[in-house]
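In our numbering, the protein residues as written are 1 to 290. The structure appears right after this line, and notes come after that.
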C-alpha cells in the first residue's frame, strides 16, 4: 500500500483504505466498527504492508488505555518507546499509570509524558489551568520523567495547519522531538539489550546475552522448559508429566518482552517473558551475572 506523503512525512490511516469511512477521498461514509482482534490484524497489516521506504522513525498513533491495539502493537513490533498523551486531570492519570505499567511489563519504556489542554492564557496575561495542576509532575517524578514532561495549551492555533515552526506552541513540539531523539539514541547506545533466544534440537532453549564485552550462554532442556511456568520461570505446581519425545519446534517472538514456544505435540500456549527465562536459568544455575 502506498502511503500519503506531506512535506516529506509518509502517513497511513485505515480511513484512507476503508470505503465506508467518512473521510475525504475514502469513497464512503460511516464508522469502522470492529472488535479488538480484528482491529489488531488491521493495525498489523497497515504497519507491515505499507511501502514506507527508508524511515528515520515510525510513529503509531494509538488510543489511550490498555486495550487490544496497544497489546497487539507491543507483541508484533519491537517498539523503541512510548509517548503518553493525557489531560492534566488526576482522574486521567489513573489510566496513565496503568498504561505505563503495562508498557513497562512489555519492555517498552515511556520516553515522554504530554499533558494536552494543560492551560490557557488570557489576553490580560494571566494563565489558567482548567483541569488542575500537579498530577503530571508527581507521576513524572515517580517514573523518572521530570525532564520529559511537556504541556500543550488550550489554543486555537493547534487546530490549524501548518503551525509555524519555532512559534508557540510549535516550540513545545520541537522540544518534545529533541527530547525523544536524545532518548532513542541513548537507548540504542547504552540501553538494556534483550537476550538472543534460539532453539537447539537436543539442548532445548539456548539463551545468549552480553554483559559488557563478555558473552554468556545458558540452556533450558526441553523437559525442563515444558515444566516451567511461563510467567515466573519456576517449576509449575503441581508438576505435570511431560510426554516423552516432545520437544520445542518453533519460537514466535512477541515484541521486545517475550517468546511463544510451539511444541511438537501441537501445544503452543506458553508465552515466556524474558524475565521468566532468566529466572528459569537462575533456578537451573546457569544464568549470566546480572
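Here a beta-carbon is modelled for each residue, glycine too, at the ideal position from N, C-alpha and C.
Buried or exposed: which applies to residue 75, given that a residue is buried once 16 or more other Cβ atoms fall within 10 Å of its Cβ?
On the chain shown, residue 75 is found 75 positions in, with the first residue counted as 1. Classification of residue 75: buried, given that the 10 Å Cβ count is 16 or more.
Identify the continuous beta strand (DSSP E) that holds residue 253 and give its terminal residues.
Taking the chain shown and counting its residues from 1, one reaches residue 253 at position 253. 248-254 is the span of the beta strand (DSSP E), which, as asked, contains residue 253.
Starting from residue 198 and walking both ways along the beta strand (DSSP E), at which residues does that stretch end?
Translated into the one-based positions of the chain shown, residue 198 becomes position 198. Looking at the DSSP string, the run of the beta strand (DSSP E) that includes residue 198 is 196-200.
Since residue 4 is in the beta strand (DSSP E), which residue starts that stretch and which ends it?
Position 4 of the chain shown, counted from the first residue, corresponds to residue 4. Looking at the DSSP string, the run of the beta strand (DSSP E) that includes residue 4 is 4-6.
Please confirm if the stretch 195-207 is in contact with the stretch 272-284, defined as three or more CB-CB distances below 8 angstroms between the two stretches.
yes
Does the stretch 124-137 touch the stretch 87-94, meaning 3 or more C-beta pairs lie closer than 8 angstroms?
yes
Please state whether DSSP places residue 23 in a helix, a strand or coil.
In the chain shown, residue 23 corresponds to position 23, counting from 1. With a pLDDT of only 48 at residue 23, under 50, the local geometry of the prediction cannot be trusted, and the value read off the model is given with reservation. In this structure, residue 23 counts as coil in the three-state DSSP scheme.
I need the DSSP call for residue 145, collapsed to helix, strand or coil.
Taking the chain shown and counting its residues from 1, one reaches residue 145 at position 145. Reduced to three states, the DSSP call for residue 145 is coil.
For residue 260, the residue or residues it bridges with in DSSP:
For the purposes of this step, residue 260 is identified with residue 260 of the chain shown, where counting begins at 1. DSSP output for residue 260 lists 252, 271 as bridge partner(s).
Tell me, please, whether the stretch 141-155 touches the stretch 171-180 by the rule of three or more beta-carbon pairs shorter than 8 angstroms.
yes
Can you tell me the Cα-Cα spacing of residue 124 and residue 116, whole angstroms?
Taking the first residue of the chain shown as 1, we reach residue 124 at position 124. Taking the first residue of the chain shown as 1, we reach residue 116 at position 116. Residue 124 and residue 116: Cα-Cα distance of roughly 22 angstroms.
Nearest-angstrom Cα distance between residue 223 and residue 246?
Residue numbering aside, residue 223 sits at position 223 when the chain shown is read from its first letter. Residue numbering aside, residue 246 sits at position 246 when the chain shown is read from its first letter. Approximately 8 angstroms, taken between the alpha carbons.
With distances taken from CA atoms, which of 54, 67, 111, 53 is nearest residue 79?
The residue you call residue 79 lines up with position 79 of the chain shown. Residue 111 is the option with its Cα nearest to residue 79.
Spatial neighbours of residue 252 in its chain, beta-carbon cut-off 6 angstroms, leaving aside the 5 residues before and after
One-based indexing of the chain shown puts residue 252 at position 252. 260, listed in sequence order.
Same chain only: Cβ atoms within 8 angstroms of residue 152, ignoring 5 sequence neighbours per side:
For the purposes of this step, residue 152 is taken as the residue at position 152 of the chain shown. Result list for residue 152: 114, 115, 116, 117, 118, 158, 169, 172, in chain order.
Using the C-alpha atoms, what's the distance from residue 9 back to residue 58?
Working through the chain shown from its first residue, we reach residue 58 at position 58. Working through the chain shown from its first residue, we reach residue 9 at position 9. Answer to the nearest angstrom: the Cα atoms are 10 angstroms apart.
For residue 324, which residues does DSSP report across the bridge?
Given a span of 1 to 290 for the chain in the structure shown, any question on residue 324 remains unanswerable.
Kindly indicate which three-state DSSP category residue 131 falls into: helix, strand or coil?
For the purposes of this step, residue 131 is taken as the residue at position 131 of the chain shown. Residue 131 falls in the coil class under three-state DSSP.
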